[in-house]
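Peer 1: Respectively, the protein sequence lines represent chains A and B. Take the first sequence: its letters are residues 3 to 160, numbered as in this note's numbering. Take the second sequence: its letters are residues 13 to 712, numbered as in this note's numbering. Note that CB positions come from ideal geometry on N, CA and C, so glycine has one too.
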Amino acid sequence: MNNAVSFRLNGQNVTVNRSDDAPLVYALRNELGLKATRFGCGQESCGACVVSVDGQPIYSCTRPLSAVAGTDVLTAEGLSADPVGVALLDAFRDEHAGQCGYCLSGILVSAHALLRANPTPGRAAILAALDIHLCRCGAHGSIIRAVERAAARIGAEV
Amino acid sequence: MIAELPKSIVDNPRLGQWISFDISGRVTVRTGKVELGQGILTALAQIVAEELAIGMASIDIAAADTALSPNEGITAGSQSVEISGASVRLAAAQAHAALIEAGARRLGVSPDALTSRDGALHHDGKETGLDFWSVAAEVDWSQLIRSDVLGSAPPSHRIVGTNALRIDMAAKIGAGGFIHDLDLPEMLHARVIRQPFRLARLAHVDEPLLSRRYPDVSVFRQADFLALIARDEYAVARAQDAADTFVRWEDVSGRWKPAANSGPKATIIGQPQETASTNSNRIAADYARGNIAHGSIGPSCSIAWLKDGQLTVWTHSQGIFALRDQIARCLGLDKANVRLIHAQGSGCYGHNGADDAALDAAIIAMHQTGRPVRVQWSRIDELSRGPLGAAMSARVEATLGQGGQISEWSMTVRSAPHAQRPGSGGHVNLTSAEALDAAFLPNAVEDLPAATGGGASRNSVAIYDFAYQHVQVEIDTSSPIRTSSLRSLGAYLNVYSIECAMDELAMLADIDPLAFRLNHLSDPRARAVLEEVAAMCNWPAQKAPREGYGRGIGMARYKGKGAYLAAVAEVSVDDTVRLERLWLCADAGYLVNPEGARSQIEGGALQAASWTLKEEVQLEGDRVPAFDWSVYPILRFSEVPEVVTRFIGDRADEPSLGTGEASQGPVAAAIGNAVSQALGVRVRRLPLTRDRVAEAINFG
């Protein structure tokens, strides 16, 4: 069998053909060639693979490809086309956020979903949104500051 | 005065080995050091840009490559800025002088009248039409790098010393910046089914079942090495997840034999004192930690490609030259036919699965001629099948003499090996080598020599001015568990032990722990970081701000010759320990990139906090069970403390000292001492989990 699954990816219509129902992360990285979404654990434990589906952060390492049919998927590659995404990318750059960078694309997508839903989150809301992500380098402080900085910019604009 | 050349230059003495101007407008820098997530390439680019008076955007740092790069050994021990930084600085300064001279010859003017601006040559301030690239062919790039090329004037920095942005980060966030992202044509995906314990014998593979359930997956087996291969990555990943259903392993007793070790090594400083030792002036305390997992967020990965008799391996190893030699040895190849190219991996904190994954891919690629083979480890293998940070213990016995001064200090360290990298001690030290042939098992293990800072012995000699100090270190090779270098090596537990014992003795002497340390400390830089961190947190005014809170202090100079760091931790303890605040004061000499240094110091501190509060690999007998994040929690965003960091001693005339491993020991000790203050009992065995705290309260 060959299942064609169509969805919107960073604003573009895409279709993936696979004979199985692989998790979304494999389709993004291998069929669609978008490498910013990382494989970390395959067990919903680390958040490296997080993408947003219809504005909700989800683990792409377990979400079956078929489950995103007809949805809007955003990956880290799509952030620069959106003002909230740009605010986050700028803030992460300016705060020197991150250390090795492997966890960052998932974190950026989670932060994007948070700020789209709540442009003025307090620290507690930011920590809650980031808590599904692991960072082994100990770069948490700069990452939290970056999300706060982006929130301040967006909050000032709304 | 002729300064000494850095070792990297001695080993790679020719200018053209380090720098080239072959592409117009671009400067290519070759370094043997590799990016581990620590930001080293950015710091090196700053140094080169400074010397060439050119923008950082013109600098390309080439990926380390055994065919092209200077061999600078391994990227470890917080030596990269110190040694590689000094090396590229000399190379860039000499290249600049040589390019100016070539321009001067062409123009028939004195080199003294020429300057450069962004690569363009100017004569008496006016453009000459020449630039680095138009005269580069006239430079003898085989010339030897000299130590006297730098002027004696104090450096005036434009790029070095600034918070330049990381040159690698944009690709890592938005595109394919990692080895995992390389996608070669016709690439095959492979997964290795790892031995569940050391020298497990591969008893049976149910190939009919495998091919029925996973028809797109093929099997490669050689002795006890088993790999699954397919064109599609998910096909091999899901087959790997089900390996228990088609693979059976056997324990053949007697296959594993402990390696010999070199026996205890003692260091003695000063003379034994004649102090009457009683229970009231003496402590004897046993500190310990278990094995710790590296826990990189991205699993180890490698790609190998056998083509036209040449094996090329992309790896995120810390030491591509040593790994190249051992891969060639395992596969029976001439090392001239094996080329390793570094590609960046997820954060690396020491000898993790990176090297093992490279041999995995190489073994498989040898049987897939012409097609690149990509191996990626599973999360479970990344945590449980790479080398672990070594379990160790330290016993401190010390006596207080007159006026609360320590008269005798003895520390006995016993540790699993910290140094089993590829090639260490002449051994292969790659897990799949042992799967191919049990004869590759190492038969003798020694600690790292003092010249490289030691392994188990790292920071075992206390920085304090004790009248008599006796330190003994022994490598324990009795366990089959594979251990090797994890960030700071033995320094983490040794500093924890020394600094906790200092607090225990301070309490015995009834002297404030900060004052007690200063009473034993003549090193002015060590005193300065302690005094500064005390000022930062207003020590000891708020000794115990409220019930269940505690503050503790810890200090060390990494390896006894690197960066100084003093830490104060504030914790709250109810049934678990929560790290509330950390104050860090470091003296790492001159900071090439202050933000990068802060990131390394704070990152090291938070990672150490995670080890200290949470981490220990739970063994099953003498085996490491397959485990994942669900049973090996690490510090999360909701648990991170407020951190304040300050650097002192950041002067342009001070040599730069590495920052990646300075904070682990002091931060652990500060947390341990804070917990002790909060609880009123001492927890000597790490990690400081709920169970350990309860144990100490009940039986302390």
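#1: Run through chain B and tell me which residues come within less than 9 Å of Asp162(A), C-beta to C-beta.
#2: Kindly indicate if chain A contains any beta-carbon less than 8 Å away from that of Gly310(B).
#3: Mind listing the chain A neighbours of Glu198(B)? Cutoff is C-beta to C-beta under 7 Å, in chain order.
#4: Are the segment 509 to 524 of chain B and the segment 581 to 597 of chain B touching, with three or more C-beta to C-beta distances below 8 Å?
#5: At least one CB of chain B closer than 8 Å to the CB of Ala71(A): is that the case?
#6: Give the secondary structure of Thr87(B) by DSSP, where H, G and I count as helix, E and B as strand, and everything else as coil.
#7: If you count every other CB in all the chains shown that lies within 10 Å of the CB of Ile487(B), and 16 or more means buried, which is it?
#8: Taking the continuous beta strand (DSSP E) assigned at Leu318(B), which residues delimit it?
#9: Give a yes or no on whether the minimum CB-CB distance between His169(B) and chain A is below 8 Å.
#10: To the nearest whole angstrom, what separates the beta carbons of His328(B) and Gly307(B), a pair I think is in contact under 8 Å?
#11: Compile a chain-ordered list of the residues in the segment 265 to 285 of chain B whose CB is closer than 9 Å to at least one CB of chain A.
#12: In the DSSP assignment, find the alpha helix (DSSP H) that holds Gly601(B) and state where it starts and stops.
#13: Nearest-angstrom Cα distance between Gly189(B) and Met519(B)?
#14: Which residues in chain A have a C-beta closer than 8 Å to the C-beta of Asp640(B)? List them in chain order.
#15: Just the chain B side, please: which residues come within less than 7 Å of Glu159(A) by C-beta, in chain order?
#16: For Asp23(A), name the three-state secondary structure that DSSP assigns.
#17: Just to confirm before moving on: does the CB-CB distance between Ala575(B) and Thr671(B) stay below 8 Å?
#18: What did DSSP end up calling Ile14(B) once you bin it into helix, strand or coil?
#19: Below 8 Å on C-beta distance, what does Ala187(B) contact in chain A?
#20: Any residues in the segment 579 to 597 of chain B with a beta carbon nearer than 8 Å to a beta carbon of chain A? Which ones, in chain order?
#21: Buried or exposed: where does Ile14(B) fall if 16 or more other Cβ atoms within 10 Å of its Cβ makes it buried?
#22: In angstroms, rounded to a whole number, what distance separates the CA positions of Val111(A) and Ala29(A)?
#23: How would you list, in chain order, the residues of chain B whose beta-carbon sits under 7 Å from the beta-carbon of Ala141(A)?
#24: Please list, in chain order, the chain B residues whose beta carbon lies closer than 7 Å to that of Asn32(A).
#25: Run through chain A and tell me which residues come within less than 9 Å of Leu498(B), C-beta to C-beta.
#26: Does Gln101(A) come within less than 8 Å of chain B when only Cβ atoms are used?
#27: Answer with buried or exposed for Leu154(B), where buried requires no fewer than 16 other C-beta atoms within 10 angstroms of its C-beta.
#28: Just curious, the beta strand (DSSP E) that Met423(B) is in, first and last residue?
#29: Provide the residue(s) that pair with Tyr61(A) in DSSP beta bridges, ordered along the chain.
#30: What residue ranges within the segment 59 to 113 of chain B form continuous beta strand (DSSP E) runs of no fewer than 3 residues, ordered along the chain?
#31: CA-CA distance, Ala202(B) and Ala57(B)?
#32: Where do the ends of the beta strand (DSSP E) carrying Gly37(B) lie?
#33: Can Leu64(B) and Ile157(B) be called in contact, C-beta distance under 8 Å?
#34: If Phe237(B) and Leu448(B) are in contact, beta carbons under 8 Å, what's the gap, nearest whole angstrom?
#35: Using DSSP bridges, identify the partner residues of Phe237(B).
Peer 2: Let's see:
#1: Not covered by the structure: residue 162(A). The range shown for chain A is 3 to 160.
#2: yes
#3: Here the premise fails: no neighbours, minimum Cβ distance about 13 Å.
#4: no
#5: no
#6: coil
#7: buried
#8: Cys313 to Lys319
#9: no
#10: Rounded, the Cβ-Cβ distance is 15 Å, inconsistent with contact.
#11: none
#12: Gly601(B) -> no alpha helix (DSSP H), and no H or E assigned at all.
#13: 51 Å
#14: Cys43, Gln45 and Ser47
#15: Residues of chain B passing the Cβ test: none, with the nearest at roughly 22 Å.
#16: coil
#17: yes
#18: Per-residue confidence for Ile14(B) stands at a pLDDT of 49, beneath the threshold of 50, marking its modelled position as unreliable; the derived number appears in the next sentence. Correct three-state label for Ile14(B): coil.
#19: Lys37, Ala38 and Glu79
#20: none
#21: At Ile14(B) the pLDDT is 49, less than 50, meaning the model places this residue with poor confidence; the figure from the coordinates comes in the next sentence. When all chains shown are included, Ile14(B) counts as exposed.
#22: 18 Å
#23: Ser611 and Gly615
#24: Glu245
#25: The premise fails here: Leu498(B) is roughly 12 Å from chain A at the closest Cβ pair, so nothing lies under 9 Å.
#26: yes
#27: It is worth fixing the name first, because residue 154(B) is Ser in this sequence and not Leu. Result: exposed.
#28: Ile418 to Ser427
#29: Val52(A)
#30: 71 to 74
#31: 36 Å
#32: Careful: Gly37(B) lies outside any beta strand (DSSP E) and carries neither H nor E.
#33: no
#34: 6 Å
#35: Gln234(B)
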